[in-house]
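K.L.:
Dropping a structure here in structure tokens format, bear with me for questions.
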Amino acid sequence: MDNNGYDDKKSAAEQHYDFPQMLAERGVSRREFMKFCSAMSAALALPVTFAPKIAQALDEVKRPTLVWLEFQSCTGDTEALLRAASPTVAEIVLDILSVDYAETIMTAAGHLAEANLDKVVKEEKGKYIAVVEGSIPLKDGGVYCCIAGKTALERATEVCGGAFATIAVGTCASYGGLPAAAPNPTGAVGVKEAVPGATVLNLPGCPLNADNLTATIVHFLLFKKLPATDGFGRPLFAYGKRIHDNCERRPHFDAGQYVEKWGDEGHRKGFCLYRMGCKGPETYHNCPSQRYNEKTSWPVASGHGCAGCSEPMFWDRMTPLYRRLPNVPGFGIESTADKIGLGLAVGTAAIFAGHGIISAVRGEDKMEGKKREDLKHDKDRR
Amino acid sequence: MSKLVIKYVWELPVRVTHWLNMVAILTLTATGLLIAHPMTLAGSPSQFVMGWIRFVHFVAAYMFAISLASRIYWSLVGNRYSSWRTFFPYLNPEDRQQMWATLRYYTFLSRKLPHVVGHNSVAAAAYSLVFLLYLGMICTGFALYSEHAPGGFYALTFGQLRHLFSNQTLRLLHHCFMWLLLGFAIQHVYSCWLMDIKERGGIISSMFSGYKSVEED
């Protein structure tokens, strides 16, 4: 592949943004690149005719600045993005972004790193993209997460408030996630709740699927705006359908073939995991079609039910993970709704059986007033 | 001196919705339990056992919702025994007194059975709570049903409950309401049997025919 007509007169900086050359340097052929563009148009639910437009948009892109902030997180989302086994087109797409700040991967440290961030916030106000990973603690003045002497809330308010848009990656940044699980000792919340004024797009998941981040960025580069979202701020292209509706085990659900015990015959045959507490029927995510780690696998494919990790507060709301129904508050952990319900039904039946026996042996009742009595006496007299 | 007369008490819509509700509740309970605790009933993935169970559940749910809506409409236009007023006996002093007397009878504190034509006031008060359970059942049910089509009609109406309760809470409520309704059904059958014997008004057959033998006013 040639360098596409670019010549030596171009400055070093311009050459740096030369996307076709970047691809060539990494050994990615034009054909592979076009395949990637088709895959992205599919991920974004665009007609296939958009693939050349995506290619064009990526070829001509002006480097948008991106800063990656990390708060109360396990770095799982960074891992999901960086752990690819071989360089992919997606990685290169992310490379064309000017990542001016990212705690895990930047070479700058200390006040030099902070100066970079300050510079972006000041000089590119309203133009840069902020990516946030991890939740923001609000309790006790936000002391539970401080970076460079500022609380997570102060940094988020400053950086996300001035960004063109903020992408909250992972469930923690979207809705508080695990740090916000009851009893939420640090008062953790997601970005939108911490900085209500910011334009936030949520990409929940534990971790997020890196493909969805790539697709979001491609959408932004192509249309210069954020994709349409649902009521929980999630882009519809990735979170518009239930896991259950695209699940590869769905035919077993409709047929009526279920895993009844871990490791039983049904489990070995790949039957539906509904009975084992799979939360696919109430979780909106594109896991079945997009899968994780370069489309290698995802939980249900590997025989484990969905944990509902892309839903708000899943750690509190989707548990117990291996049962269909939650425990009934106020009763013991082992009491299920059915045991209580059955007890109620049997109890009711017993009470009324007792009532019936007493009523039967009690003999004659009086009707109201003398009416019935009179009738009876009339009849007796006759 | 009063004598027994045959009185038309339960109009046709009241009887039809009553029996539709019964059929719907029994069907919904049976299919609902199979949905909550699915069993492997199919031998091949090309069968559609759970598919049919859910289809029957949804059809019965529509039938139940329409039946309830019809009954609510009839409580506005029907006779005095089917009126919505009868379901709130605690709102007027005379009925409150009758409620007290009936409760005393039920708890064996009195042998005096109040004379009633339509619903006895304790039963009517219980039915108003059962109506609330019905509404809870329909709202949680359609909210759960709406999840297959985000952005659809049910998602925009009943589906808004998902912002108040999590999906799992809705499921638990839907499930617990079922048990409460089953408890009510046991009580209801027993009370009708008891009143059929004690009142001698033919209350059970009146739900088929609409006629009760009551004393002339």
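Respectively, the protein sequence lines represent chains A and B.
According to numbering that gives the first Met the number 0, the stretch in the first sequence is residues 0 to 381, in order.
According to numbering that gives the first Met the number 0, the stretch in the second sequence is residues 0 to 216, in order.
Using N, Cα and C, we set each Cβ at its ideal position, and we do this for glycine too.
Roughly how far, in whole angstroms, is the beta-carbon of T170/A from the beta-carbon of G204/A, given that I think they are within contact range, below 8 Å?
P.N.:
About 6 Å separates the two Cβ atoms, so the contact holds.
K.L.:
Report the neighbours of S173/A on chain B: residues whose CB is nearer than 8 Å to its CB, in chain order.
P.N.:
Here the premise fails: no neighbours, minimum Cβ distance about 15 Å.
K.L.:
Are there 16 or more other CB atoms within 10 angstroms of the CB of A352/A, so buried, or fewer, so exposed?
P.N.:
A352/A is exposed by the Cβ-count criterion.
K.L.:
Indicate whether Y238/A and H284/A have their beta-carbon atoms separated by less than 8 Å.
P.N.:
Cβ atoms of Y238/A and H284/A: closer than 8 Å.
K.L.:
Going by C-alpha to C-alpha distance, which of V129/B, S205/B, F207/B, R161/B sits closest to G182/B?
P.N.:
Considering only alpha carbons, the answer is V129/B.
K.L.:
Establish whether the CB of E93/B and some CB of chain A are separated by less than 8 Å.
P.N.:
No, E93/B does not count as interfacial toward chain A.
K.L.:
Using Cβ-Cβ distances below 7 Å, what residues of the segment 339-351 of chain A are close to chain B?
P.N.:
From the segment 339-351 of chain A, only G340, L343, A344, T347, A348, F351 have a Cβ closer than 7 Å to chain B.
K.L.:
Between which two residues does the alpha helix (DSSP H) carrying D195/B extend?
P.N.:
First-last of the alpha helix (DSSP H) with D195/B: 166-198.
K.L.:
Cutting at 6 Å between CB atoms, please list the residues of its own chain near F157/B, excluding the five before and the five after it.
P.N.:
Counting only Cβ-Cβ distances below 6 Å, and skipping sequence neighbours, we find C138, F141, A142, S145.
K.L.:
So that I know if they touch, is there some Cβ in chain B lying closer than 8 Å to that of Y291/A?
P.N.:
Not one chain B Cβ lies under 8 Å of Y291/A.
K.L.:
From the DSSP output, in three-state form, read off R316/A for me.
P.N.:
Helix at R316/A.
K.L.:
Looking at M33/A and A54/A, is the spacing between their C-beta atoms short of 8 Å?
P.N.:
Yes, they are a contact pair.
K.L.:
Roughly how many whole angstroms lie between the Cα atoms of A167/A and G196/A?
P.N.:
Roughly 14 Å between the two C-alpha positions.
K.L.:
Give, in chain order, every unbroken run of the alpha helix (DSSP H) that is at least 4 residues long and sits entirely within the segment 24-83 of chain B.
P.N.:
Segments of the alpha helix (DSSP H) lying fully in the segment 24-83 of chain B: 48-76.
K.L.:
So what does L200/A bridge to, in DSSP terms?
P.N.:
Per DSSP, I166/A.
K.L.:
Taking the beta carbon of R161/B as the centre, do at least 16 other beta carbons fall within 10 Å, making it buried, or is it exposed?
P.N.:
Buried, since its Cβ has 16 or more Cβ neighbours within 10 Å.
K.L.:
Which residues in chain B sit within 7 Å of Y100/A, going by Cβ to Cβ distance?
P.N.:
Ordered by position in chain B, no residue passes the 7 Å Cβ test against Y100/A, which lies about 35 Å from the chain.
K.L.:
Does M105/A have its Cβ less than 8 Å from a Cβ in chain B?
P.N.:
Closer than 8 Å: no.
K.L.:
Tell whether a beta-carbon distance below 8 Å holds between T77/A and V119/A.
P.N.:
No, these two residues do not count as a Cβ contact at 8 Å.
K.L.:
Give a yes or no on contact between the segment 205-213 of chain B and the segment 103-110 of chain B, applying the rule of three or more CB pairs nearer than 8 Å.
P.N.:
They do not touch, by the three-pair rule.
K.L.:
Based on the DSSP secondary-structure assignment, which residues constitute the bridge partners of Y210/B?
P.N.:
DSSP, once it has assigned bridges, lists Y7/B as partnering Y210/B.
K.L.:
If you count every other CB in all the chains shown that lies within 10 Å of the CB of M177/B, and 16 or more means buried, which is it?
P.N.:
Under this definition M177/B is a buried residue.
K.L.:
Taking buried to mean at least 16 other C-beta atoms within 10 Å of its own C-beta, is M38/B buried or exposed?
P.N.:
Exposed, because fewer than 16 other Cβ atoms sit within 10 Å of the Cβ of M38/B.
K.L.:
Is the CB-CB distance between T185/A and Q71/A below 8 Å?
P.N.:
Yes, Cβ-Cβ distance for T185/A and Q71/A is below 8 Å.
K.L.:
Bridge partners of S134/A, per DSSP?
P.N.:
DSSP, once it has assigned bridges, lists Q71/A as partnering S134/A.
K.L.:
Which residues of the segment 233-245 of chain A have a Cβ closer than 7 Å to any Cβ of chain B? Give them in chain order.
P.N.:
So the list reads G239, R241, D244, given in the order they occur along the chain.
K.L.:
What does DSSP give as the partner residue(s) for S97/A in the beta ladder?
P.N.:
Paired residue(s): T64/A.
K.L.:
Taking only the alpha-carbon atoms, compute the straight-line gap between F57/B and G50/B and give it to the nearest angstrom.
P.N.:
About 11 Å.
K.L.:
Return the CA-CA distance between K126/A and K224/A, expressed in angstroms with no decimal places.
P.N.:
Those two C-alpha atoms are separated by around 12 Å.
K.L.:
Out of P250/A, K240/A, V217/A, Y257/A, which has the shortest C-alpha to C-alpha gap to K61/A?
P.N.:
Closest by alpha carbon: V217/A.
K.L.:
For N326/A, collect the residues of the same chain with a Cβ closer than 8 Å to its Cβ; drop the 5 residues on either side in sequence, then sort them by chain order.
P.N.:
Contacts found: P319, I332, S334, T335.
K.L.:
Looking at A209/A: is its Cβ nearer than 8 Å to the Cβ of L68/A?
P.N.:
No, Cβ-Cβ distance for A209/A and L68/A is not below 8 Å.
K.L.:
Would a C-beta distance cut-off of 8 Å place K278/A and G232/A closer than the cut-off?
P.N.:
No.
K.L.:
So is K138/A buried or exposed if we call it buried at 16+ other beta carbons inside 10 Å?
P.N.:
The residue in question, K138/A, is exposed, as its Cβ has fewer than 16 Cβ neighbours within 10 Å.
K.L.:
Between S127/B and the rest of its own chain, which residues show a CB-CB distance below 7 Å, the 5 nearest in sequence each way excluded?
P.N.:
Contacts found: F86, F87.
K.L.:
Does the segment 343-350 of chain A touch the segment 309-318 of chain A, meaning 3 or more C-beta pairs lie closer than 8 Å?
P.N.:
Judged by Cβ distances under 8 Å, the segment 309-318 of chain A makes no contact with the segment 343-350 of chain A, as fewer than three pairs qualify.
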